[in-house]
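Reviewing the structure listed below.
Protein chains: 2
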Amino acid sequence: MMKGKMVESLEAAVKASGLKDGMTFSCHHHLRNGDKVMNLVCRTLENMGFRDLTLNATSIHNVHEPVAGQIERGVIRRIISPYIGGAPGRAISEGKLKDTAVFCTHGARPSDLEQGKTHIDVAFIAAPAADCMGNFSGKYGPAACGSMGYIFSDAVCAHKVVVITDHLMEYPLSDFSVSEVYVDYVVEVDSIGDPAGIVSSTTSLTRDPVALRIADYASRAIHASGLLKDGFAFQTGAGGASLAAAAYLREIMKEEKIRGSYCTGGITRYMVEMQHEGLFESLLDVQCFDLQAVEDLRVNPGHREISCSHYASPTAKSCTVDSLDVAILGATEIDTSFNVNVHTNSKGIIMGGSGGHSDAAQGAKMAMVAAPLIRARLPLICQRVNCISTPGTTIDVLVTQYGMAVNPARGDLAERFRAAKLPVFDINDLKMQAEELSGVPNRVKPAGRTVAEVYYRDGSLLDRIAGV
Amino acid sequence: MMKGKMVESLEAAVKASGLKDGMTFSCHHHLRNGDKVMNLVCRTLENMGFRDLTLNATSIHNVHEPVAGQIERGVIRRIISPYIGGAPGRAISEGKLKDTAVFCTHGARPSDLEQGKTHIDVAFIAAPAADCMGNFSGKYGPAACGSMGYIFSDAVCAHKVVVITDHLMEYPLSDFSVSEVYVDYVVEVDSIGDPAGIVSSTTSLTRDPVALRIADYASRAIHASGLLKDGFAFQTGAGGASLAAAAYLREIMKEEKIRGSYCTGGITRYMVEMQHEGLFESLLDVQCFDLQAVEDLRVNPGHREISCSHYASPTAKSCTVDSLDVAILGATEIDTSFNVNVHTNSKGIIMGGSGGHSDAAQGAKMAMVAAPLIRARLPLICQRVNCISTPGTTIDVLVTQYGMAVNPARGDLAERFRAAKLPVFDINDLKMQAEELSGVPNRVKPAGRTVAEVYYRDGSLLDRIAGV
């Protein structure tokens, strides 16, 4: 086998890359909670003595707990990401990150890179399969993750690109996600991750009666909206109610012989099955949420890997979220102006981020939040969310197990829902109903220094998150 | 069907694009001599009253004869292209282009665009299939051309992108060559071209005994070079001797059970058949040279469309020509320093250009020119070529029907060829032999003003072409 761009270790690649203290590196999350590479990279950089680095990550998950250590010890002083969960999120809330964290959106991240608003000195790419010249793919190898859409912009824009793989294939890997054109170094390691960790617990279909009730209302609301017709374009998350809504929608679409156009965003086996049944023409996949989706991407020509810019970039000449009919989204809090918080938990601690939430909300003709009215004895609806992740102006409908509320700007939808005999309430009334059931919570809002700033997809500052 | 980015006419798209006198537009040649779009665009721009435009084209062919009119009438004052054939080439030689024409290479063209050395204001893309948001593909439709590799950089880098199609498909065209991310306007026309014109006469296998003799020597030289082994990577053109050499190579590879790695560049049915027979792992296709290749690209996962940067960009971190073992190339003239001319004919008139000639010559471990020693009573070999298209330092072997000459820098190859009992001569002796057969020609070199400059893939000036 030719040597190509192979270097003997990650350390050697880092040295060759010219990375210096204070520079920016990037990692990605296609292996989700099975990813071993972000931890490996951060540990390696710490062992090599680096300080004050910026980590620009496509998403940070529970599995990245050790990264909290690199934050605390000053190896990483700044983080840019659309999502920061687990211990790293908590460490930021606790003020352990030297600089303010920057939350972007899935769509804004590649846009900022392509427009030169952000810069990556070295991108570290966990590649399920690669060849010695750096052609890489998410479709093959023991840790196949399917789509690698989130990493396209890093590969194209980063000054140096290091591909890390545990499955070296013969050159040329012609079914590449990203080609050798952009790659500087290739490193072989024992394992880049555990594919079982790709599947988050939320990608299994729920039996929770609350979620099923929400899903029932959600699917009926979509049906009533007038948007569910041939050419229907759809995004839904991997949460219990969202997936169940898709399952109900599937039955309606079958019954009424509706042939949808595409599903986009993260793809689950439910989307795959619906596409196989002819309910959708194609799947435009920026990320596989389970192993069935991974397998399907490998063999199904109607299931296509797309870049994150193609998914949601606000500066693309168009992207898939722009043509969505309906997006079903989650929320940890929603306020009476329909602003949604998916960044902080009830105690104001960072536990997530927008991901593509606000991208899809702005793009879709109908953006629907589907969530239980009460969760862990806390009402979903409040006067003002602790953190604005997605502006209420872009949320059209809230669906809960007790009924739905429609953004006053969308009187047309409220009318359609009422005509379909769906339980439509004023959002203030739903809020009161929740408070009657669980009491008015004693809302905690941290009051420390600003530890994170939340930027909207257009680059404007949406909110600041205070530390505890 | 949704309206998306559809505009009602090419004129409307031009108006919306903001094109102004003196700006640069681009066209491409994937439909080769079947293309109708470059002529349509140039005629439309003339009818709209445009003047002094720069045409940056991926290649200009015989079918583009009318463009000579737009040159003469000052609609086009400058041309940048890797290849200018037919009437436009002649018009340039006759001094009818106001500015000096700029010859680049297939690899340098996208590199220059990506590096910002050249700029395209409006790219006009003839798309065999497209949807209303601009996702487009060369694989479908009545004028399917297969790979659209040459146009990727235009789509990504041009300020405005107009997609012109005669086969509008439902959104989203998920099997896109280039995605909607880059497209501003979509125009539907009756016909973008005649797919029969994709097939140049040279893509049929020759019965010419001279070409067959050359091919025999060429294939035996490749065999003797030591490069023909498992992992062999190969590029050959669509010329008679080149294709015949591939046919002979096919037999050797079968006999010796050699499993090659890839073929790149323009792909013909011979390459397709060899890949099907397991003689090559994959086809990395920047351009389909015949309809069998077009069909194969549609259905064969081992046959992959690649961008022109991936094919040959000198500023890519690597590209497919970098890993070539052998490239078989043509020549209209070669001199005793192995410099090759593919730009001008025996009268010094522009009739072609490098295309990927010098890209492949520099990248390949063995760059072989295969051409008849005498053509139309003119010897192939001269003291100094009329125009240096490819520097002799990058040409390793010349193969003619009377034997071969090896670049003195490659004594290793000469040794191997002699060991294999191949007829190896000093290039000066081959030159004398030709002149004995056909006489010493009275070489014509035009002496007018410089009408074109020839740039190498690294951006350095290789030569100037004088007008007649």
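Respectively, the protein sequence lines represent chains P and W. Once you know that position 222 of the first sequence is 222 in our numbering, the rest is easy, because the numbers rise by one and skip nothing. If you count the second sequence from 1, you need to add 1000 to reach our numbering. Heads up, the beta-carbon is just placed ideally off N, CA and C, and yes, glycines get one too.
query: Taking all protein chains shown into account, do 16 or more other C-beta atoms lie within 10 angstroms of the C-beta of P/Ala472, making it buried, or fewer, making it exposed?
result: In the structure as shown, chain P starts at 1 and stops at 468, and residue 472 of chain P therefore has no counterpart that could be examined.
- prompt: Taking C-alpha atoms, which residue in W/Gln1115, W/Ile1120 and W/Val1162 lies nearest to W/Asn1135?
  reply: Translated into the one-based positions of the second sequence, residue 1135 of chain W becomes position 135. The shortest Cα separation from W/Asn1135 among W/Gln1115, W/Ile1120 and W/Val1162 belongs to W/Val1162.
Short-range partners of chain W found in the region 291-318 of chain P, where Cβ spacing is below 9 Å: So the list reads Pro301, Gly302, His303, Arg304, Ile306, Ser307, Ser309, His310, Ser313, Ala316, Lys317 and Ser318, given in the order they occur along the chain.
- request: Ignore the nearest five residues each way along the sequence and tell me which others in P/His119's own chain have a CB closer than 7 Å to its CB.
  value: As a first step, residue 119 of chain P is located in the first sequence; it is residue number 119 there, counting from the start. Taken in chain order, the residues that qualify are Thr24.
message: For the beta strand (DSSP E) containing W/Val1210, name the first residue and the last one.
response: Walking along the second sequence from the start, residue 1210 of chain W turns up at place 210. Not the beta strand (DSSP E): W/Val1210 falls in the alpha helix (DSSP H), residues Pro1209 to Ala1224.
field: Near-chain P residues of the region 1239-1268 of chain W (beta-carbon distance less than 8 Å), N- to C-terminal order
entry: Residues of the region 1239-1268 of chain W whose Cβ lies closer than 8 Å to any Cβ of chain P, in chain order: Ser1261 and Tyr1262.
- prompt: P/Tyr182 touches chain W at which residues, Cβ-Cβ below 9 Å?
  reply: One-based indexing of the first sequence puts residue 182 of chain P at position 182. Simply Ala1316 and Lys1317.
field: Under 9 Å by beta carbon: chain W residues contacting P/Asp175
entry: As a first step, residue 175 of chain P must be located in the first sequence, where it is residue number 175. The contacting residues are Ser1282, Pro1301, Gly1302 and Arg1304.
message: How far does the beta strand (DSSP E) with W/Glu1277 in it extend, from its first residue to its last?
response: Walking along the second sequence from the start, residue 1277 of chain W turns up at place 277. W/Glu1277: not part of any beta strand (DSSP E); DSSP gives it neither H nor E.
Alpha-carbon to alpha-carbon, P/Thr332 and W/Asp1166: Indexing the second sequence from 1 puts residue 1166 of chain W at position 166. Indexing the first sequence from 1 puts residue 332 of chain P at position 332. Spanning the two alpha carbons is a distance of roughly 48 Å.
The region 67-86 of chain P: positions lying closer than 7 Å to chain W by Cβ: Listed in sequence order: no entries.
query: Quick one: is W/Gly1226 buried, meaning 16 or more other Cβ sit within 10 Å of its Cβ, or exposed?
result: Taking the first residue of the second sequence as position 1, residue 1226 of chain W is located at position 226. W/Gly1226 should be labelled exposed.
- prompt: Short check: CB of W/Ile1164 to CB of W/Arg1032, under 9 Å?
  reply: The count along the second sequence starts at 1 and reaches residue 1164 of chain W at position 164. The count along the second sequence starts at 1 and reaches residue 1032 of chain W at position 32. The Cβ atoms of W/Ile1164 and W/Arg1032 lie no closer than 9 Å to each other.
- prompt: Looking at chain W, which residues of the region 159-175 of chain P have a Cβ within less than 8 Å of any of its Cβ atoms?
  reply: Contact residues of the region 159-175 of chain P toward chain W are Val161, Glu170, Tyr171, Pro172, Ser174 and Asp175 (C-beta to C-beta distance below 8 Å).
- prompt: Between P/Asp184 and P/Lys160, what straight-line distance do the alpha-carbon atoms span, to the nearest angstrom?
  reply: Against the first sequence, residue 184 of chain P aligns to sequence position 184. Against the first sequence, residue 160 of chain P aligns to sequence position 160. Going from the Cα of P/Asp184 to the Cα of P/Lys160 covers about 6 Å.
message: Just verifying my parser: in three-state terms, what is the DSSP assignment at W/Tyr1311?
response: In the second sequence, the residue the question calls residue 1311 of chain W occupies position 311. Judged by DSSP in its simplified three-state form, W/Tyr1311 adopts helix.
message: Just checking: is the beta-carbon of W/Ser1179 within a distance shorter than 9 Å of some beta-carbon in chain P?
response: Within the second sequence, residue 1179 of chain W is the residue found at index 179, counting from 1. For W/Ser1179, the answer is yes, since a Cβ of chain P falls inside 9 Å of its Cβ.
- request: State the CB to CB distance for the pair P/Pro314 and P/Ser111, rounded to an integer number of angstroms; the pair is presumed to be in contact (CB under 8 Å).
  value: Within the first sequence, residue 314 of chain P is the residue found at index 314, counting from 1. Within the first sequence, residue 111 of chain P is the residue found at index 111, counting from 1. Cβ-Cβ separation between P/Pro314 and P/Ser111: approximately 6 Å, consistent with a contact (criterion under 8 Å).
Test item: CB-CB of W/Ala1123 and W/Asp1154 under 9 Å: If you number the second sequence from 1, residue 1123 of chain W lands on position 123. If you number the second sequence from 1, residue 1154 of chain W lands on position 154. Yes.
- prompt: Taking C-alpha atoms, which residue in P/Leu378, P/Tyr150 and P/Phe50 lies nearest to P/Gln433?
  reply: Mapped onto the first sequence, residue 433 of chain P falls at position 433. If we check each option's Cα against that of P/Gln433, P/Leu378 comes out closest.
message: Mapping the DSSP letters down to three states, classify P/Lys160 as helix, strand or coil.
response: Taking the first residue of the first sequence as position 1, residue 160 of chain P is located at position 160. Secondary structure of P/Lys160 (DSSP, three-state): strand.
query: Hey, how far is the Cα of P/Leu462 from the Cα of W/Val1014?
result: Counted from its first residue, the first sequence places residue 462 of chain P at position 462. Counted from its first residue, the second sequence places residue 1014 of chain W at position 14. Going from the Cα of P/Leu462 to the Cα of W/Val1014 covers about 38 Å.
- request: Please list the partners that W/Ser1153 has in chain P, where partner means a Cβ-to-Cβ separation under 9 Å.
  value: Numbered from its first residue, the second sequence carries residue 1153 of chain W at position 153. The contacting residues do not exist; W/Ser1153 stays about 11 Å from chain P at best.
message: So W/Met1133 contacts chain P; which residues on that side make the cut at Cβ distance below 7 Å?
response: Within the second sequence, the letter at position 133 stands for residue 1133 of chain W. Close to W/Met1133, with beta-carbon spacing below 7 Å, are these residues of chain P in chain order: Ser318 and Ser323.
message: Quick check on W/Arg1384: buried or exposed, where buried means 16 or more other Cβ atoms within 10 Å of its Cβ?
response: Indexing the second sequence from 1 puts residue 1384 of chain W at position 384. Its Cβ having fewer than 16 others within 10 Å, W/Arg1384 is exposed.
message: Rounded to whole angstroms, what is the Cα-Cα separation between P/Asp230 and P/Lys36?
response: Within the first sequence, numbered from 1, the residue matching residue 230 of chain P stands at position 230. Within the first sequence, numbered from 1, the residue matching residue 36 of chain P stands at position 36. Their Cα atoms are separated by approximately 42 Å.
- request: Could you spell out where the beta strand (DSSP E) holding W/Glu1333 opens and where it closes?
  value: The count along the second sequence starts at 1 and reaches residue 1333 of chain W at position 333. W/Glu1333 -> beta strand (DSSP E) spans Glu1333 to Asp1335.
message: 9 Å is my cut-off, CB to CB: does P/Lys5 come that close to chain W?
response: As a working note, residue 5 of chain P is residue 5 in the first sequence. For P/Lys5, the answer is yes, since a Cβ of chain W falls inside 9 Å of its Cβ.
message: Assuming W/Ile1486 and W/Ala1361 are in contact, meaning their beta carbons sit under 8 Å apart, how far apart are those beta carbons, in whole angstroms?
response: A question about residue 1486 of chain W goes unanswered here, because the residues of chain W that appear run from 1001 up to 1468.
field: Cβ neighbours of W/Ser1346 in the same chain (closer than 6 Å, five flanking residues each side left out)
entry: Taking the first residue of the second sequence as 1, we reach residue 1346 of chain W at position 346. If the five residues before and after W/Ser1346 are omitted, its C-beta is found closer than 6 Å to the C-beta atoms of Leu1378, all from its own chain and listed in chain order.
message: Measuring only the C-alpha atoms, how far is P/Arg443 from P/His29?
response: Here residue 443 of chain P refers to the residue found at position 443 of the first sequence. Here residue 29 of chain P refers to the residue found at position 29 of the first sequence. Spanning the two alpha carbons is a distance of roughly 32 Å.
Start-end ranges of the alpha helix (DSSP H) lying completely within the region 1367-1438 of chain W, minimum 4 residues: Considered as a whole, the region 1367-1438 of chain W harbours 1411-1419 and 1427-1438 as its complete alpha helix (DSSP H) runs of no fewer than 4 residues, in chain order.
- prompt: For the beta strand (DSSP E) that contains W/Asp1463, what are its first and last residues?
  reply: On the second sequence, position 463 is the one that residue 1463 of chain W refers to. Taken as a continuous stretch (DSSP letters only), the beta strand (DSSP E) holding W/Asp1463 covers Leu1461 to Ala1466.
- request: Using three-state DSSP, classify W/Phe1025 as helix, strand or coil.
  value: Working through the second sequence from its first residue, we reach residue 1025 of chain W at position 25. In the structure shown, W/Phe1025 sits in a strand (DSSP, three-state: E or B).
- request: Verify the CB distance criterion: does P/Met274 have a CB-CB separation below 9 Å to chain W?
  value: On the first sequence, residue 274 of chain P is found 274 positions in, with the first residue counted as 1. Answer no: the Cβ-Cβ gap between P/Met274 and chain W never drops below 9 Å.
- request: Could you check what DSSP says for P/Val14 in three-state terms: helix, strand or coil?
  value: Along the first sequence, read from residue 1 onward, the residue named residue 14 of chain P stands at position 14. The answer is helix: DSSP assigns P/Val14 an H, G or I state.
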